[in-house]
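According to this note's numbering, the sequence shown is numbered sequentially starting from 684. Input: a single structure, listed below in C-alpha cells.
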Amino acid sequence: MSNIIKSFRVIKSDASHMENAYIKFNNIYKEIVEEAKKKGLEIVSKAQEKAEEILDSAYVEYEKQLNNAYERAKSIFDENKEKGYEEGFLLGREEGYESGYQKGYKEGKEKAEKLINEALEIKNSYISMRNKALKEAEKDLIELVITIYEKVLYEKVEEDEEYIISLILNGIEDLEIKEKLTVIVSKQDYEVVKKNEQIILAKASLIDSIEIKINSDMKKGDCVLETSKGNIDVSLRGQLSEIKDLLYTILNNE
C-alpha cells in the first residue's frame with residue numbers, strides 16, 4: 684500500500700512539474716512578444732512624429748506659396764483696374780474712360796485667374812505629395828516594425844535556449860490531433876527540445892507518442908510540427924512572414 688501511495692506522489696509531482704514548466708514557457712513566450720511589440724511601437728511613434736514634422740513643414744511652405752499667389756493676384760487685379768481708370772481719365776472722354784477701365788479690369792482678371800489656377804495646382808500638388816509621402820511612410824514603418832520585431836525575437840532566442848519550447852507549446856495549444864506528433868527542429872535546438880520532450884507530450888494530451896527530428900537546413904528558432912493532418916510551421920520566420928503579409932494587406936486595402 685505504501686508503494687502505491689509513493690508512486691502516486693511521484694506521478695503527482697511529475698505532473699505538477701510539467702504544469703509549472705508549461706506555465707513558465709508560456710510566460711516567456713508572452714513576455715518576449717510583448718517586449719518586441721513595445722519596442723516596435725516606440726520606433727513607430729518616433730517615426731510618425733518625424734513624418735508629421737516633415738509634412739507640416741511642407742504644408743507651411745504650401746500655405747506660404749498659396750497666400751503669395753492670392754496676394755499677387757489681388758495686387759495685379761487692383762493695379763490693372765487703377766491703370767484703366769488713369770488711362771480713361773487722361774483721354775478725357777467717357778468712352779475712353781470706360782474702355783480703359785474695361786481693358787484694365789479684363790487684364791487684371793485674366794492675370795488674377797491665372798495666378799489662382801497656379802495656386803490651385805500648388806494645392807493639388809501638395810495633397811498628392813502628402814498622400815504619397817504618407818503611403819511611403821506607412822510602408823517604411825511596416826518594414827521598420829518587422830525589422831525591430833525580428834531583431835528582438837532572434838536576440839531572445841539566442842539568449843534563452845528554451846524559447847523554442849514556448850514556440851512548440853504555443854503551436855500545439857489548439858491542435859486536435861491523435862496518435863503521433865513529429866517535431867522537426869534545427870540542430871542547435873534539438874537537445875533542448877529532446878530534454879523537454881515529456882513536457883511537450885503532456886501538453887498534447889491526445890497524442891500517444893512524440894518524435895523529434897533534426898533538419899540540417901533549419902536555423903535556430905525554426906520549427907515544424909508534423910501531424911497526420913498536415914504540417915504546421917511554428918517558426919519565428921513563419922510568424923514574421925504572416926505578420927508582414929497581414930500588414931501589407933491592410934496597407935494596400937486603405
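Note that beta-carbon positions come from the ideal geometry of N, C-alpha and C, so glycine has one too.
*asked:* In the DSSP output, what is E909 paired with across the bridge?
replied: E909 is bridged to T865, N914.
*Can a CB atom of chain C be found closer than 8 Å to the CB of I825?*
Among the chains of the structure shown, chain C does not appear; only one protein chain is present.
_According to DSSP, is S892 part of a helix, a strand, or is it coil?_
strand
*Taking Cβ positions, are N898 and I867 nearer each other than 8 Å?*
yes
*Take G913 as the anchor and find which of K927, K863, E925, V876 has the nearest alpha-carbon.*
K863
*Around the Cβ of I810, are there at least 16 other Cβ atoms within 10 angstroms (buried) or fewer (exposed)?*
By the neighbour-count rule (16 or more Cβ atoms within 10 Å), I810 is not buried but exposed.
*Run the CB neighbour count on M901, radius 10 Å, all protein chains shown included, and call it buried at 16 or more, exposed below.*
buried
_Can you check which of these residues, Y931, E826, T865, is closest to V907 by C-alpha distance?_
T865
_Tell me the rounded alpha-carbon separation between K834 and E894._
Whole-angstrom Cα-Cα distance: 30 Å.
*Give me whichever residues DSSP pairs with I897 in a beta bridge.*
Answer is V868, bridged to I897.
*Hey, L836 and L919 are a contact pair by Cβ (cut 8 Å); roughly how many whole angstroms apart?*
With 8 Å as the limit, L836 and L919 qualify as a contact, their Cβ atoms being about 5 Å apart.
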